[in-house]
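Novice: Per UniProt numbering, residue 1 is the first one in the sequence shown, and the count goes up by one each step.
For every residue, glycine included, the Cβ atom is placed at its ideal position computed from N, Cα and C.
Keep in mind it's a predicted model, so treat the numbers as computed, not measured.
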Amino acid sequence: NVKINVNLNVNLNVEINVNLNVDLNVDLNVNLNVDLNVDLNVNLNVNLNVDLNVEIKEAPKKRRKQQKSDEKGTEKTAKEVSKKNDER
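#1: If you measure between the beta carbons of residue 11 and residue 47, is that distance less than 8 angstroms?
#2: What are the boundary residues of the alpha helix (DSSP H) that residue 62 is part of?
#3: In this structure, how does DSSP classify residue 86 when only helix, strand and coil are distinguished?
#4: Name, in chain order, the residues that DSSP records as bridge partners for residue 53.
#5: Could you give the distance in angstroms between the alpha-carbon of residue 17 and the alpha-carbon of residue 55?
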């Protein structure tokens, strides 16, 4: 006959770095005869504080240089530049 009263107050600030290399060779021979009468009264108060700092930087966009003038020194309109690009 088991009576369990559990009060948990948990504050978690956790940084976990885990490297596990495990080799297990296990032989288990188990004979269990268990009679359990269990009363569980559980009160859980859990406070989790999680700080996330995420910084996202966007690569700067390259600006195309505009052609200002042709060989004669006259200004080209956007239409002329577009036309010339289409011809290529």
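Specialist: Taking the geometry as given:
#1: Residue mapping note: residue 11 aligns to position 11 of the sequence shown, counting from 1. Residue mapping note: residue 47 aligns to position 47 of the sequence shown, counting from 1. With contacts defined by Cβ atoms closer than 8 angstroms, residue 11 and residue 47 form a contacting pair.
#2: As a first step, residue 62 is located in the sequence shown; it is residue number 62 there, counting from the start. Note, residue 62: premise wrong, no alpha helix (DSSP H); not H, not E.
#3: For the purposes of this step, residue 86 is taken as residue 86 along the sequence shown, with counting starting at 1. Helix at residue 86.
#4: Translated into the one-based positions of the sequence shown, residue 53 becomes position 53. Answer is none; residue 53 lacks a bridge partner.
#5: Working through the sequence shown from its first residue, we reach residue 17 at position 17. Working through the sequence shown from its first residue, we reach residue 55 at position 55. The alpha-carbon separation between residue 17 and residue 55 amounts to approximately 21 angstroms.
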